[in-house]
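Undergrad: Here UniProt numbering is used: position 1 in the sequence shown is 1, and no number is missing along the way. By construction, the Cβ of each residue, glycine as well, lies at the ideal position given by its N, Cα and C atoms.
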Amino acid sequence: FAVESIKIKKGPKWPLLEEALWLWVQEALSAEMDLNNRILQKKAIHTININNITTRIQNNTIIINQYSTITSIQNSTITKKLTSLHDYEIQLAKQEFLTEHMNEVNVIQNSIN
């Protein structure tokens, strides 16, 4: 397909940020606050910083949840392996016990005969 046929949707770079700033400006104007470029720039930077912090917190939460899921799966696998190993050891101990007692029984029977 031709590259010219692709249309790129152009919109604001940060639509939520711009909407939040617009609402803040409207509230500030309705409260008759004195607004100038310096105040607007500080508010924009503050809002961007809050947005970045929120994004980092969300990303960290996702990473923690993924790690927790992976750890849970690993712990479950380890528990299953340990349970299987424990069951195997019990079976082995039973076999050894039966073998020893069968040997004792054979010795007694041989001594009787």
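Counting Cβ pairs closer than 8 Å, one from the stretch 20-33 and one from the stretch 43-56, do we hit at least three?
TA: By the C-beta criterion, the stretch 20-33 is judged to be in contact with the stretch 43-56, since at least 3 inter-stretch pairs fall below 8 Å.
Undergrad: Measure the CB-CB distance between residue 28 and residue 35 and report whether it falls below 7 Å.
TA: One-based indexing of the sequence shown puts residue 28 at position 28. One-based indexing of the sequence shown puts residue 35 at position 35. The answer is yes: Cβ separation under 7 Å.
Undergrad: Can you give, in chain order, each stretch of the alpha helix (DSSP H) that sits fully within the stretch 5-93 and has at least 4 residues?
TA: 15-30
Undergrad: Could you tell me the alpha carbon to alpha carbon distance between residue 70 and residue 64, rounded to whole angstroms?
TA: On the sequence shown, position 70 is the one that residue 70 refers to. On the sequence shown, position 64 is the one that residue 64 refers to. Cα-Cα distance, rounded: 10 Å.
Undergrad: Rounded to whole angstroms, what's the CA-CA distance from residue 97 to residue 81? Just pull it up for me.
TA: Walking along the sequence shown from the start, residue 97 turns up at place 97. Walking along the sequence shown from the start, residue 81 turns up at place 81. Looking at the two C-alpha atoms, the distance is approximately 24 Å.
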